[in-house]
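In my numbering, the protein residues as written are 2 to 85.
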């Protein structure tokens, strides 16, 4: 019997989206490019995105539709918790 399989490393990015006063922003859209994956921040502005590790640059795109604001952040592998 023979089999073929691929092992992919599961990764996670967690952080908070905050306003200028440090208060969490509820309902902001957070997406990871180019890997896909999109989540909405919780009541405290927290988010977690899981993805398969690949050797390429990755960026978080955050949209606050209520305030008509958006930001892009390059994610480093060892960046630790991210506050946006």
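Note that beta-carbon positions come from the ideal geometry of N, C-alpha and C, so glycine has one too.
Check                                                                                                                                                                              : Outcome
Leaving aside the five residues before and after residue 50 along the sequence, list all residues of the same chain whose C-beta is less than 6 Å from its C-beta, in chain order. : 14, 33, 38 and 40
Closer than 7 Å by C-beta to residue 75: which residues in its own chain qualify, once you throw out the five before and the five after it? Chain order, please.                   : 58 and 60
In whole angstroms, what is the alpha-carbon distance linking residue 23 and residue 62?                                                                                           : 19 Å
Compute the Euclidean distance between the alpha carbons of residue 12 and residue 55, then round it to the nearest angstrom.                                                      : 10 Å
Could you give the distance in angstroms between the alpha-carbon of residue 16 and the alpha-carbon of residue 53?                                                                : 18 Å
Residue 46: which of 68, 20, 69 and 36 sits nearest, CA to CA?                                                                                                                     : 20
Do you know offhand how far residue 70's Cα is from residue 44's?                                                                                                                  : 18 Å
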